[in-house]
Structure formats: C-alpha cells, structure tokens
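Below you'll find the structure, written out as structure tokens, and then a few comments.
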Amino acid sequence: MPILLILTGIISLTLGMDHHHEDAKHLASKLTLPNLPSEHLIRYLNTFPKLKKQLPTNGTKIISTACWGHERGCSPDARFQTPQCPGDHTGWARSKEAQINTFYQQADFGYIQEQLAELTPQCVPTYLGDSSLECTHYLRFCRGRNLLFDFRDLTHRTERIRYHMDVLRPGQLLGHCELNRTRMSAEMDHIGSALQSWGPELRNFDVLPHPILESGLCDEVVNTPTFIMKIDATYNMYHHFCDFFNLYASLFVNQSHPAAFNTDVQILIWETYPYDSPFRDTFKAFSQRPVWTLSDLEGKRVCFRNVVLPLLPRMIFGLFYNTPIIQGCSNSGLFRAFSEFILHRLQIPYEPPRRKLRITYLSRRTKYRKVLNEEELLARLEANEDYSVQRASYERLSFPDQLAITRNTDILIGMHGAGLTHLLFLPNWACIFELYNCEDPNCYKDLARLRGVRYRTWEQKELVYPQDEGHHPEGGAHAKFTNYSFDVEEFVHLVAEAAKDVRAHKEYSQGEPENPHKTQHTEL
Numbered sequence: 000m001p002i003l004l005i006l007t008g009i010i011s012l013t014l015g016m017d018h019h020h021e022d023a024k025h026l027a028s029k030l031t032l033p034n035l036p037s038e039h040l041i042r043y044l045n046t047f048p049k050l051k052k053q054l055p056t057n058g059t060k061i062i063s064t065a066c067w068g069h070e071r072g073c074s075p076d077a078r079f080q081t082p083q084c085p086g087d088h089t090g091w092a093r094s095k096e097a098q099i100n101t102f103y104q105q106a107d108f109g110y111i112q113e114q115l116a117e118l119t120p121q122c123v124p125t126y127l128g129d130s131s132l133e134c135t136h137y138l139r140f141c142r143g144r145n146l147l148f149d150f151r152d153l154t155h156r157t158e159r160i161r162y163h164m165d166v167l168r169p170g171q172l173l174g175h176c177e178l179n180r181t182r183m184s185a186e187m188d189h190i191g192s193a194l195q196s197w198g199p200e201l202r203n204f205d206v207l208p209h210p211i212l213e214s215g216l217c218d219e220v221v222n223t224p225t226f227i228m229k230i231d232a233t234y235n236m237y238h239h240f241c242d243f244f245n246l247y248a249s250l251f252v253n254q255s256h257p258a259a260f261n262t263d264v265q266i267l268i269w270e271t272y273p274y275d276s277p278f279r280d281t282f283k284a285f286s287q288r289p290v291w292t293l294s295d296l297e298g299k300r301v302c303f304r305n306v307v308l309p310l311l312p313r314m315i316f317g318l319f320y321n322t323p324i325i326q327g328c329s330n331s332g333l334f335r336a337f338s339e340f341i342l343h344r345l346q347i348p349y350e351p352p353r354r355k356l357r358i359t360y361l362s363r364r365t366k367y368r369k370v371l372n373e374e375e376l377l378a379r380l381e382a383n384e385d386y387s388v389q390r391a392s393y394e395r396l397s398f399p400d401q402l403a404i405t406r407n408t409d410i411l412i413g414m415h416g417a418g419l420t421h422l423l424f425l426p427n428w429a430c431i432f433e434l435y436n437c438e439d440p441n442c443y444k445d446l447a448r449l450r451g452v453r454y455r456t457w458e459q460k461e462l463v464y465p466q467d468e469g470h471h472p473e474g475g476a477h478a479k480f481t482n483y484s485f486d487v488e489e490f491v492h493l494v495a496e497a498a499k500d501v502r503a504h505k506e507y508s509q510g511e512p513e514n515p516h517k518t519q520h521t522e523l
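The opening position of the sequence shown corresponds to residue 0 in numbering that gives the first Met the number 0, with each subsequent residue numbered one higher.
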C-alpha cells in the first residue's frame, strides 16, 4: 500500500472513530504524532513499533518496511532515497557499489549510521537518577542527563562571547557518574577550533560526589530537553544553514525516544551576542520556544535534565560545509529530507508545475557581484512564451516568503553568493543556474549535488565582462569584489539548456507532494 494511503488511513481512522469505541478514544487522546511529511511519518512509526501498535486502526493492519537508511536491517530498497552515481567510478572506487556506498557514508543517512555506531559512554551512571554522558568520536556529538553548567563567571566577562574556547573553566561542567578520563582525553584531537568539536567544553568536565539534582547547587533546573548550539553565522545563509542542517541530522543521532521530533525543546546558542538573523524563522521548525543565548543564563549554575550537544558546522569531514564528496554521485536522501522537513514545518505553500517554466532571477542589491546588464538579460527571457519570469530581491522579503518563491521555482538564477543556498528548497526536478561562480567553482555545485538538483554555470570566460579586476578589502585582485556584464546570447543559451534539464526530469517528479496545510500536527 502506498505510504500516503497508509498515513491517510491512519489519520482518517483516528480522527473519525466510531463513538462507541470508548477504549480506542481514550487511547487516542493520549497519543500525539509529530508534525512530519507522510513519507517521514511512516518511517518515524517504523522506528518506534511499540507506538505504532498503539495506533487505533480499526482493524486495518499497517504494513510498511520503509526506513530512513541508518537503521539496522534497513534494506537499500526501503531507504528514504538511494544516491545516483551515473559517473565513472574508475579512479575513485573499486566498484560501482563501493562508489554508491562511499557517497552514502559521506553525505547521506550512512553518516548518521556511523555516528550511532560511534556513540560511546564517557560518564556512566550507577543509579537511575545519576548523570550520564555519551559521545561520538572526537566529541562531535554528545548527549547527557543531569549535568550542571556553571555560568557564574560570565557576569565578569567584559567581551562578547562567540567562537570562544574558554567559556568554561575546569570544574564548571559537572556530573555525578563514573567518568572515563582516559577515554575522554583520547577524543580531544579535533579542538583546533570551537566549531569542530565539543572538546573545548568537555575538557572541563569533572565529577561531583553527590547526585546533581540533590546537591543544592542548581540555581536553575531546566526540565525541557535542550540543544546547545555553537553556530557558524547568523546573516550568511550558507553558513547558518550549516547550523540548521547539522541540528536536523542530530535529531536522528538522538532518536532514541518517540519525542525525537517534538518541538517542546529548548535551543541554547553558545554565545552572549543577542541572537538575530533573517533566517530565525527556521528555528520554528525545531522548537516552539524562544531561543536562548548564554546571556539568559549568566550568573547561574544551571542543571539540565536532558541536554544534547549536536553535530557542529565545521567538523573535519563533517556535513554540509566540509563534506568530502566522491566524484560521480549526487542525491543525498538526508539533504532531501531536510528540505522537506523545513518546508513542511514552516507551512510553505506548494504549487504544481505549469506549462511555462517558472524562472526566478535573484537580483543583488549589494556593492559587488551586481549584473550590470540585468535588464537586457531579463528582457530576452521575458520574450520567451515558454517562460514565466520573476525578478526577486530576497533581502526585502521575510524568509518564509523567500521560501514560498523558491519552492515554486523551476530554474533559479543568481550570481555566486549565499542566496544560492536556496537551492536546498527547490523542487526535486529544478535547476540552479549560478550565473558566474567568481572562481569558486565547487561551493554551490557540490551543494546542488548533495540536494540532487541540476546545476549550470557560465563556462565561456571570454563572454563574461568584469567591470574591473576586483579589489579585495585586504588588498589584491579578487573576482568576488567587482561587478559583471554577460553576453546576452550565451545567457539565453544557458537558460535554454537549464530548461532542457528541467523538462527531462520533471516527468519523474510531477506528483504533487502533500500540502503542508493538510497535514498539520495530528493528534491521535
């Protein structure tokens, strides 16, 4: 039975139960399913079979082997998505199968599988109410229970904290458990920067002889599960989505309880700067609570009942920013799942494709990388009856409004810049046309490969005309610090090639995804 029909059946049965089934109604009142797209929700239910068995299905047996891909026993056919590796494996892997598996481990749910396999206890509880701490290799991801963070010294810091490796001093992170100091020390190799590891914080871990919550040391107890984040950036979309993507991946590493996708969690940003970002609405996909910073807790000893230190944005061989991608492969299911999750949770409207290809041109209002003959280029596209063209300045729109445009775009055109990170939220069949990569050829090409959308860029350097050589603020010529004009005929040709890419793939993706407004938080 197709997944959507299965989920539709569950929802209709549970929302329209016979009033005579009082036992079923009583059970249903106690169950809550997370707000997820249907293909995600069935995999969630398969992850927690005990919960699945409690669903009142009115005698209908739900049969599905769908899985994400990181679970034990998850067959390749049941995975969320299988990578595409049409490129030659010679020189990159011993076989086609090895090529696919390498990509899957580097950039897909295989990476999650690896993190789960690496989870190792660092501090072991003796009794149920004791503290605990477990981490993956190099302390890239950790989770703990009943831990005390001492933030009293922050009131004496005169500087704002961001990217600092000295937020805590020895003994300012405490737990009542059996700490394996040798094992912890062996994982401290990746502390060259604050965003590579949780080592700079965990090297200060020490043991308290009494249970944390009974010690009398807690100035504040946080009962809400808390994700502490060391973020890369706030105003640059590419870098901030390194943060959001790794937070999403961490939900799977932490998926040991049915509340894994619950939004009743607290986000704590590991800095004292006030959090502000044009992309701040993205946090609403993860948490219904206001975001905290260290400034909200300074001067206190704070005890967290459940705390997660998620995957970081600049890990060595990490996800998104430092992902090593084997040649010849694309289409990470993890990146597609992230895209669908964000669009669904933020209720971004979807419109089915039309006869005319929907082209969105990102117009820059910055000092550099402006297109000097933009009007001429767009006039040629608008003259084509097969195109529906819109020019957008995203910096003038709210982020949800930006996503509403991107989600309903077939070809996205823009100069090299962080705004091209929007390619993550294009339809599966879409093409991103990086008008000119400004001699940074791999950044958005690789991101497009990970997301699984087509990619085009300018190839004829003699047909692009820089305003000057470009002047880097620190001196020297630099292609990113000037403006450009482009040959009109070559531009039209490249857009036509992108259109061919879209039309060639669109027939495989025309099925309308579920409308996020129809599948809201479903109480059973």
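Virtual Cβ for every residue (Gly too), placed ideally from N, Cα, C.
By DSSP's criteria, residue i is part of a beta bridge. Which residues make up the other side?
| i | result |
| --- | --- |
| THR292 | ILE268 |
| VAL463 | PHE485 |
| ASN305 | ARG144 |
| CYS430 | ILE410, ARG453 |
| ASP149 | ARG300 |
| MET228 | ILE268 |
| TYR386 | LEU356 |
| LEU402 | Partner(s): none; LEU402 has no beta bridge. |
| PHE79 | None, per the DSSP bridge assignment. |
| HIS470 | ALA476 |
| PHE205 | A small fix is needed here, since residue 205 is Asp in this sequence, not Phe. Its beta-bridge partners are LEU173. |
| CYS122 | LEU132, LEU178 |
How about residue i and residue j: are their beta carbons less than 8 Å apart?
| i | j | result |
| --- | --- | --- |
| LEU380 | THR405 | no |
| LYS203 | GLY174 | What sits at residue 203 in the sequence shown is Asn, not Lys. Result no, Cβ atoms of ASN203 and GLY174 do not sit closer than 8 Å. |
| MET314 | ARG450 | no |
| GLY413 | GLU433 | yes |
| PHE102 | ILE324 | yes |
| PHE319 | CYS241 | yes |
| LEU308 | GLY317 | no |
| GLN114 | THR135 | yes |
| THR481 | GLU496 | no |
| ASP275 | THR233 | yes |
| TYR435 | TYR483 | yes |
| SER387 | LEU345 | no |
| PHE398 | PRO210 | no |
| SER331 | ASP107 | yes |
| TRP91 | VAL166 | no |
What does the alpha-carbon distance come out to for the pair residue i and residue j?
| i | j | result |
| --- | --- | --- |
| THR125 | GLU213 | 15 Å |
| SER294 | VAL306 | 18 Å |
| ILE266 | ALA336 | 21 Å |
| ARG288 | ASN222 | 13 Å |
| TYR272 | LEU127 | 37 Å |
| HIS421 | GLU117 | 32 Å |
| ARG363 | TYR393 | 9 Å |
| PRO440 | ASN372 | 23 Å |
| ILE99 | CYS328 | 7 Å |
| LYS52 | LEU44 | 9 Å |
| MET228 | GLY475 | 36 Å |
| GLU374 | ALA429 | 24 Å |
| HIS69 | GLU38 | 16 Å |
| ASP445 | PRO55 | 45 Å |
| ALA258 | ILE160 | 32 Å |
| PRO472 | VAL370 | 20 Å |
| ASN427 | ASN261 | 27 Å |
| THR292 | GLN466 | 43 Å |
Buried or exposed for residue i, please, with buried defined as at least 16 other CB atoms from any protein chain shown within 10 angstroms of its CB.
| i | result |
| --- | --- |
| THR119 | exposed |
| ALA284 | buried |
| VAL301 | buried |
| ALA503 | exposed |
| ASN253 | buried |
| TYR464 | exposed |
| ASP500 | buried |
| GLN80 | buried |
| ASN145 | buried |
| VAL220 | exposed |
| VAL494 | buried |
| THR154 | exposed |
| ALA378 | exposed |
| ASP188 | exposed |
Compare the Cα-Cα distances from residue i to each of the options and report the closest residue.
| i | options | result |
| --- | --- | --- |
| TYR162 | GLN254, LYS444, TRP197, LYS460 | TRP197 |
| GLN112 | THR481, SER249, CYS302 | SER249 |
| LEU419 | SER387, GLU384, TYR386, ARG455 | ARG455 |
| ASP152 | ALA193, GLY90, TRP457, GLU297 | GLU297 |
| THR46 | LEU147, ASP218, SER255 | SER255 |
| ASN383 | VAL491, TYR483, ASP129, PRO82 | VAL491 |
| ASP184 | GLU158, CYS122, LEU167 | Correcting the residue type first, residue 184 is Ser in the shown sequence and not Asp. SER184 has its Cα closest to that of CYS122, out of GLU158, CYS122, LEU167. |
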